[in-house]
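This report concerns only the one structure given below.
Numbering (mature numbering (1 follows the signal peptide of the UniProt record, and there is no 0)), first residue to last: -25 to -1, 1 to 155.
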């Protein structure tokens, strides 16, 4: 009776291991479009800014399609938002490196910027990012009350097989009158 019990326990452990692996794979589902080179939904960079026009702030998120096929952005959302909403999200081309020192200044400027800096750029939702393509996701946030926070910015995208994925920025944002 003991060999049957050992085999049954072994089969149960294998099944549990496969189930756990499958469950984890379903949760991660970051997909080919990386935001700030990351997939986790917790920011590691913190931006604190006083409110700009319309009680808002701007943040730029680097997005890169690390896959082999184009993807379409289907949604941009806020993760862990408190008293904050997404007002606008656009895709901005990344400028060439500065010829003097090779640095790249990613648009838009982070912080209390004029919302017009996003004028003329295409909406992020519905836009295609080609394989190997990089863009800056220009996001305008609006605070309802201060202080307002958001843990990260989520970018849902879909590949050519209609598989949906979500990647998250590494920057959390706080809008308040005084940043220490």
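Note that the Cβ used here is the ideal one computed from N, Cα and C, for glycine as well.
Just so it is clear, the structure is predicted and the values come from calculations on it, not from any experiment.
Residue 115 is positioned such that its CB atom lies no closer than 8 angstroms to that of residue 55. By the Cβ test, the stretch 132 to 144 is not in contact with the stretch 66 to 75, since fewer than three Cβ pairs between them sit closer than 8 angstroms. Looking at 34, 76, 111 and 24, the one whose alpha-carbon comes closest to that of residue 84 is 34.
Just so you know, the alpha carbons of residue 66 and residue 155 end up roughly 31 angstroms apart. About 6 angstroms separates the Cβ atoms of residue 118 and residue 58, confirming a contact at the 8 angstroms cut-off. Its Cα nearest to that of residue 42, the residue 103 stands out among 103, 121, 62 and 25. Look at residue 20 here: in three-state DSSP terms it is strand.
In the three-state DSSP reduction, residue 29 falls in the helix class (H, G or I).
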